[in-house]
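Numbering (full-length UniProt numbering), first residue to last: 1 to 268.
First the structure, in the form of C-alpha cells, and then the observations on it.
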Amino acid sequence: MKTFSRLTIFLLGILLFSCDGLFQYNPNQILLEDDEKNLNIENIEKIKRLPVKDTLRFILMGDTQRWYDETLKFVESANKQRDIDFVLHAGDISDFGITKELEWINDIMQKLRYPYLTVIGNHDIVANGSDAYVRMFGPLNYSFVYGDYKFIFINTNSLEYGLDGSTPDVPWLKAQLATNPDKKQTIVIGHVPPFDADFDKKLEKDYTATLAADPNLKFTLYGHQHAFKEGEFYNDGVHYYLTTSMGGRGYLVLTSWRGGYKVERVEF
C-alpha cells in the first residue's frame, strides 16, 4: 500500500508538472500579448492622426458580453457605414470580467475599419476584471482631445464599489471639464447612466449638476440598460443618449458639427 501511494504521488507529479497546459489554466489569469496592451492609448494615437474635418461622425455601441456572433454582425454593419471616424464601446465588454472574454471581443473589434475606444462596464469589474481592463485598455477614467472636441470617459459603475461615494469620481470629472482652455465641445461617456438604480444616489445630483454647469457640453453617452433611450432627463439642458446591447442588435451613429448634431439608430 505504501508503494502504491508513492507511485500515485509520482504519477500525479508528472501530470501536474510535465504535461503542457494540464491543470495550469486559471480563468483569472491576466496574460496578454504585447499588441493587446494599452489599446485605448494606441487607438487614441490613431484617431489623432486622422484628418480633422468640420463634421465628426462616430458610432456608439456597447454591451457585447457573450454576444460574440452578434458583435461580428455589428462589425459587418459598422464597416458599411460611410465617413466614420471611430467607434466608442460603452462598456460591458465582458460578462464575467475574464481576460479571455476581453481578448475574444478585441479579436472581433480588430476587424473594424476604424479605431475603437472603451469605457469600463459593471460586468468588466467582476472578479479581477478591472485589473485586466487596465492592463488591456488603460485607465478607468481618461480623456483626449481631437479637433474641436474633448472626449471624457468616466467609470460610473457605482454598485461594484459598494455605493461608497467614490464612483463616479466627480472631482476628477469637474477638473476635466474645467481644463478646457480652448473651449472644445465636450462629450462625456460612461456605462451606467445617472438615473439608473446602479448609480450612487448620493452622487447623482452632483454628477448631473456638474454636467449641466459646463457650457461646452455637447451631450453625454451610456449603455448598460440594453435599450435605446434618449432625453433631457433632468430638465437642465443636458441630453442623454443610451445605446442598446449587441443582443439587441443595434447601435447609434452620431454626426456632430459646431452648432448642431444628429443621432441615428441602426439595427442589424
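Even glycine gets a Cβ: it sits at the ideal position worked out from N, Cα and C.
Computed from a predicted model, the values in this text were never measured in an experiment.
Cβ shell of residue i (< 7 Å), same chain only, five flanking positions each side left out
| i | result |
| --- | --- |
| R265 | F228, G250 and L252 |
| V145 | K184 |
| Y68 | W104 and I108 |
| Y25 | The predicted position of Y25 is uncertain, since its pLDDT is 48 and thus under 50; a value taken from the coordinates is nonetheless stated next. Hits under 7 Å: none found. |
| K111 | V75 |
Beta-bridge partners of residue i, as assigned by DSSP
| i | result |
| --- | --- |
| S143 | I152 |
| L211 | In the DSSP output, where bridge partners are listed per residue, L211 has none listed. |
| T55 | W257 |
| R265 | L252 |
| H89 | M61 and T118 |
The beta strand (DSSP E) enclosing residue i, as first and last residue numbers
| i | result |
| --- | --- |
| E232 | E232 -> no beta strand (DSSP E), and no H or E assigned at all. |
| F228 | Where F228 is concerned, there is no enclosing beta strand (DSSP E), given that its DSSP letter is neither H nor E. |
| S256 | G250 to W257 |
| F74 | Run containing F74: none in the beta strand (DSSP E); it sits in the alpha helix (DSSP H), Y68 to A78. |
| L102 | No beta strand (DSSP E) contains L102, which is instead part of the alpha helix (DSSP H) from T99 to M109. |
| L242 | Y240 to L242 |
Own chain residues within Cβ distance below 6 Å of residue i, not counting five before or after
| i | result |
| --- | --- |
| F195 | F233 |
| I44 | F144 |
| L221 | L60, I189 and Y241 |
| K73 | F268 |
Endpoints, alpha helix (DSSP H) assigned at residue i
| i | result |
| --- | --- |
| Y133 | G129 to M136 |
| Y114 | Where Y114 is concerned, there is no enclosing alpha helix (DSSP H), given that its DSSP letter is neither H nor E. |
| I41 | L39 to K48 |
Cβ-based neighbour list, residue i, same chain, cut-off 8 Å, excluding 5 preceding and 5 following
| i | result |
| --- | --- |
| W257 | D54, T55 and L56 |
| S143 | K150, F151, I152, F153 and Q176 |
| G21 | Unreliable placement is indicated for G21, whose pLDDT of 46 sits below 50; no coordinate value is reported for it. |
| residue 295 | Residue coverage of the chain in this structure runs from 1 to 268, which leaves residue 295 outside it and unanswerable. |
| I84 | R57, F58, I59, A78, R113, Y114 and V253 |
For residue j and residue i, the rounded distance between their alpha carbons
| i | j | result |
| --- | --- | --- |
| D95 | L117 | 18 Å |
| H89 | D63 | 8 Å |
| S158 | D200 | 5 Å |
| F86 | D164 | 34 Å |
| L60 | L254 | 7 Å |
| T167 | N40 | 21 Å |
| P215 | L173 | 14 Å |
| D124 | F137 | 12 Å |
| Y261 | T243 | 16 Å |
| G259 | P115 | 26 Å |
| A178 | A209 | 14 Å |
| E204 | I120 | 19 Å |
| T71 | M246 | 6 Å |
| K46 | T186 | 20 Å |
| residue 269 | N180 | For residue 269 there is no data in the structure shown, the boundaries of the chain being 1 and 268. |
| L160 | D92 | Before going on, a small fix: residue 160 reads as Glu here, not Leu. In a straight line, the C-alpha of E160 is about 13 Å away from that of D92. |
Exercise for the section: Any chance you could list the beta strand (DSSP E) runs of at least 3 consecutive residues sitting entirely within the stretch 156-223, in chain order? Expected result: 185-189 and 217-222
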